[in-house]
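Undergrad: Residue numbering for the sequence shown follows the numbering used here, starting at 9 and increasing by one per position.
Quick one: this structure, given as structure tokens, is what I'll be asking you about.
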Amino acid sequence: MKQLSKKVILIGNFGVGKTSLTNAFVHKRFSEDYLTTLGVKIDKKTIEILAQNDDEEDTQLTLLIWDIAGEVAQEKVNKAYYLGSHGIIYVFDVTRPSTFEKMKEDLAYVATILPKAQVIVVGNKVDLIDVNTLDADLKYDFLSSAKTGENVEKMFLELSKKIIQEPA
């Protein structure tokens, strides 16, 4: 079994659920209490990814998950937090349009720092809305809920597969 260690960052506005998604994935827990992340919070989780075909081998992947304080804007986040990242999870809150209005601009900025990193876009807090009311033009890879666990494992696993298939 191949063993790898890769850095993943969660970015997005404050209060979108980055810490809750990380806690749901790493610790299998959810809290209603809101605690602002100051700077960065780092967690680690090891997962196994089974080979997709006979030419590959199974991979034991250790994810170093950096939950970065809530802003993507260039002047607000220390660029050093981004460096060395292999994967990016851009999180927005489906109930707050202000958290996804600048998504295209935010992702373009991050791409200038990490042009080879794998990116997934996640609309969080889907348990609070009727998904049919979301703007049809809104682009995302997953809709999730840290509270119910919906798509939490799936989004981290999908990003992990992308990272090991096309390393940054």
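Quick reminder that beta carbons are idealized off the backbone N, C-alpha and C, glycines included.
Treat the numbers as computed from the prediction; the structure is a model and nothing was measured.
Taking the CB atoms as reference points, tell me whether residue 16 and residue 137 lie closer together than 9 Å.
TA: no
Undergrad: Is residue 60 helix, strand or coil when you go by DSSP?
TA: coil
Undergrad: So residue 94 packs on residue 125, CB below 8 Å; how close in whole Å?
TA: 6 Å
Undergrad: Could you check whether the region 159–171 touches the region 51–61, counting it as contact only if at least three pairs of C-beta atoms, one from each stretch, sit closer than 8 Å?
TA: yes
Undergrad: Helix, strand or coil for residue 71? Go by DSSP, reduced to three states.
TA: strand
Undergrad: How should residue 18 be labelled, buried or exposed, when 16 other C-beta atoms within 10 angstroms of its C-beta is the threshold for buried?
TA: The C-beta of residue 18 has 16 or more other C-beta atoms within 10 Å across all chains shown, which makes the residue buried.
Undergrad: From residue 175 to residue 9, what distance separates their C-alpha atoms?
TA: Interpretation of residue 175 is limited by its pLDDT of 48, a score under 50 that renders its predicted location unreliable; the figure taken from the coordinates is listed afterwards. Computed Cα separation, rounded: 17 Å.
Undergrad: What residues in its chain sit with their C-beta under 6 Å from that of residue 154, if we drop five residues either side in the sequence?
TA: 25, 28, 29, 32 and 38
Undergrad: For residue 20, which residues in the same chain have their Cβ closer than 7 Å to its Cβ, ignoring the five residues on either side in sequence?
TA: 26, 78, 80, 98, 99, 100 and 107
Undergrad: For the alpha helix (DSSP H) that residue 118 lies in, which residues bound it at each end?
TA: 111–121
Undergrad: With DSSP collapsed to three states, give me the class of residue 90.
TA: coil
Undergrad: Going by DSSP in three states, residue 100 sits in which element: helix, strand or coil?
TA: strand
Undergrad: Could you say which of 103, 134 and 88 lies nearest to residue 121 if we only look at CA atoms?
TA: 88
Undergrad: Return the residue from the list 34, 22 and 49 that minimises the CA-CA distance to residue 162.
TA: Considering only 34, 22 and 49, the residue with the shortest C-alpha distance to residue 162 is 34.
Undergrad: Can you tell me where the beta strand (DSSP E) with residue 106 in it begins and where it stops?
TA: Counting along the chain, residue 106 falls outside any beta strand (DSSP E), and DSSP gives it neither H nor E.
Undergrad: Looking at the structure shown, is residue 153 part of a helix, part of a strand, or coil, going by DSSP?
TA: Here residue 153 sits in coil by DSSP.
Undergrad: Can you tell me the Cα-Cα spacing of residue 156 and residue 36, whole angstroms?
TA: 10 Å
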